[in-house]
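Under numbering that gives the first Met the number 0, the sequence shown has 51 at position 52, and the numbering climbs by one with no breaks.
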Amino acid sequence: MKSRGFEAEATGRISKDAKVSVGYTQLKLTGPDGNDIYEWVPRKTLKLRADSRVAALPGLRLGAGARWQSGVSKVGGAHQGAYAVADAFAAYELTPAATLRLNINNVFDKKYIGTVEYGAIYGAPRNFAITLDYRL
Numbered sequence: 000m001k002s003r004g005f006e007a008e009a010t011g012r013i014s015k016d017a018k019v020s021v022g023y024t025q026l027k028l029t030g031p032d033g034n035d036i037y038e039w040v041p042r043k044t045l046k047l048r049a050d051s052r053v054a055a056l057p058g059l060r061l062g063a064g065a066r067w068q069s070g071v072s073k074v075g076g077a078h079q080g081a082y083a084v085a086d087a088f089a090a091y092e093l094t095p096a097a098t099l100r101l102n103i104n105n106v107f108d109k110k111y112i113g114t115v116e117y118g119a120i121y122g123a124p125r126n127f128a129i130t131l132d133y134r135l
């Protein structure tokens with residue numbers, strides 16, 4: 000097997016309180032015979048993320064992100080076209096040691112197949128998580 004490709008990522012601040020990051024991957028996988036293999040591995044992926052503090056509430060940070068991938072398939076099996084999934088979060092610093100966080104994954108409840116390697120396995124529907132982080 001031979002893999003070729005590239006990956007690029009950029010992260011930075013667009014203001015004192017706002018951060019943004021973007022990452023892109025492109026991949027080519029070929030077998031010993033030179034033909035395309037592992038067709039269930041996405042050949043292109045793109046990830047975007049941005050977050051910022053809210054000026055009126057300095058302890059509050061809001062953010063959003065998106066993940067996109069090219070289509071995948073399995074010879075004689077399932078196929079999933081290219082798709083994107085959006086996520087969001089809100090975090091509030093209660094004290095310097097405690098932060099309350101809400102994550103919303105798959106905000107728009109996109110129905111997609113997460114993997115086709117061993118059959119069609121759907122990705123997680125919209126889901127929420129609330130956590131309290133406390134540092135000693």
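For every residue, glycine included, the Cβ atom is placed at its ideal position computed from N, Cα and C.
For Arg12, the number of other beta carbons within 10 angstroms of its own is below 16, and it is reported as exposed. Considering only Pro41, Leu47, Phe127, the residue with the shortest C-alpha distance to Lys18 is Leu47.
In this structure, Asp50 is the residue among Gln68, Asp50, Ser69 with its C-alpha nearest to the C-alpha of Arg60. Each residue's CA atom was taken as its position, placing Pro124 and Gln79 some 16 angstroms apart. Per DSSP, the unbroken beta strand (DSSP E) holding Trp67 starts and ends at 56-68. Scanning Met0, Ala9, Trp39 for the CA closest to the CA of Val115 turns up Trp39.
Around the CB of Val53, fewer than 16 other CB atoms lie within 10 Å, so the residue is classed as exposed. Contact check for Ala83 and Arg66: beta-carbon distance about 7 angstroms, within the 8 angstroms limit, so the pair qualifies.
Beta-bridge pairing by DSSP links Asp35 to Thr29.
The secondary-structure analysis by DSSP pairs Leu101 across a beta bridge with Ala89, Ile129. DSSP places Leu45 within a strand segment (E or B) once states are collapsed to three. Annotated three-state conformation of Arg12 is strand, per DSSP.
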